[in-house]
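Using the working numbering, the first residue of the sequence shown is number 47, and each one after it goes up by one.
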Amino acid sequence: MKPSRPTIHCRVFSLEPPRCEFAPDLPEYSDAVVTFDFTDALLTDLGPTLLMLYASYAGPPITRDALVELAQPFVAIEVEHATQADLIARAREEYPAVLARARERIAAL
Numbered sequence: 047m048k049p050s051r052p053t054i055h056c057r058v059f060s061l062e063p064p065r066c067e068f069a070p071d072l073p074e075y076s077d078a079v080v081t082f083d084f085t086d087a088l089l090t091d092l093g094p095t096l097l098m099l100y101a102s103y104a105g106p107p108i109t110r111d112a113l114v115e116l117a118q119p120f121v122a123i124e125v126e127h128a129t130q131a132d133l134i135a136r137a138r139e140e141y142p143a144v145l146a147r148a149r150e151r152i153a154a155l
């Protein structure tokens with residue numbers, strides 16, 4: 047049985063300028079699963095929308111936990127070999143779909 051691949055967590059704060067936190071923080075990663083967490087980037091990009099929704103809805107605010115449940119802002123990929131710069135580039139590729147999904151789900155509320 048093949049041993050499980052190590053998991054790298056990448057918390058994405060913003061993509062312009064790129065601000066990410068890697069755990070573990072290494073210059074390169076090999077044969078690993080990378081999980082991107084776009085929660086903070088979504089909060090930055092959707093903050094005004096969430097505030098307007100809260101103001102018009104007059105219900106409880108959408109918390110970070112509620113946003114995670116609603117938007118499912120996690121993407122996992124497998125990598126053979128990648129640097130942090132490679133992973134940031136991949137995060138840029140994945141983020142538009144995550145943002146679009148979050149907007150659709152928020153609009154459906």
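Glycine included, C-beta positions come from ideal geometry on N, C-alpha and C. These numbers were taken from a predicted model, which means no experiment stands behind them.
### Query
Are the CB atoms of Ala131 and Val80 nearer to each other than 9 Å?
No.
### Query
For the candidate residues Asp83, Glu139, Ala154, Pro142, whose alpha-carbon lies nearest to that of Arg110?
It is Asp83.
### Task
Below 6 Å CB to CB, which residues in the same chain sit around Leu116 once its five sequence neighbours on both sides are set aside?
Same-chain partners within the cutoff: Arg151.
### Message
Let me make sure I understand the geometry here. Which of Glu139, Cys56, Pro73, Tyr75 has the alpha-carbon closest to that of Cys66?
### Response
Ranked by Cα distance from Cys66, the first of Glu139, Cys56, Pro73, Tyr75 is Cys56.
### As assigned by DSSP and simplified to three states, the class of Arg65
Looking at Arg65 - three-state DSSP - the assignment turns out to be strand.
### Query
Between Pro52, Ser50, Arg51, Val58, which lies nearest to Phe120 when the distance is taken from Cα to Cα?
Minimum Cα distance to Phe120 is reached at Val58.
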